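Residue numbers (my numbering): 17 to 128.
First the structure, in the form of structure tokens, and then the observations on it.
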Amino acid sequence: GVKVTELNCTVSIPRKMTPPLLVYYGVGPFYQNIVTYLKSEVPKELGGMKVSEAAREEKCLNTQSRERNGKNIVPCGLKAITLFNDTLEIHRDGDRIELNKKGVAWSSDVQR
């Protein structure tokens, strides 16, 4: 697959805006709802339990989702290897604007 380690986007705001400003962005293509993706996990391994190599091969069909550089990826599977960590920074005239990250999740997600 394609590996992107950093992506910078420049956006021009056409008018003066007053806070609070809400920023939304999407990541794509990210096909987490296809059957191959959904079935590519070993639940016991996700729970921290050791599982047999046969179980890993049965559920994590793609070798690249089971090992890298000759070492096992634990937990195996497409879910484990497609996680990403993204960082959002906003700058104005070269100066970084501090973001308030409090209260950004839906209450239903926080209560899970």
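Don't be surprised by glycine CBs; every beta carbon is placed ideally from N, CA and C.
Since this is a predicted model, take the numbers as computed values, not measurements.
Going by the CB atoms, is the gap between residue j and residue i shorter than 8 Å?
| i | j | result |
| --- | --- | --- |
| E210 | C92 | No information on residue 210 is available, as it lies outside the stretch 17 to 128 that the chain covers here. |
| R82 | R72 | yes |
| E69 | K95 | no |
By DSSP, does residue i sit in helix, in strand, or in coil?
| i | result |
| --- | --- |
| K87 | strand |
| R82 | coil |
| D109 | coil |
| I97 | helix |
| L115 | coil |
| D125 | helix |
Could you spell out the range, first to last residue, of the alpha helix (DSSP H) harbouring residue i?
| i | result |
| --- | --- |
| R72 | E69 to K75 |
Out of the options, which one is the CA nearest neighbour of residue i?
| i | options | result |
| --- | --- | --- |
| V43 | T98, I106 and M33 | T98 |
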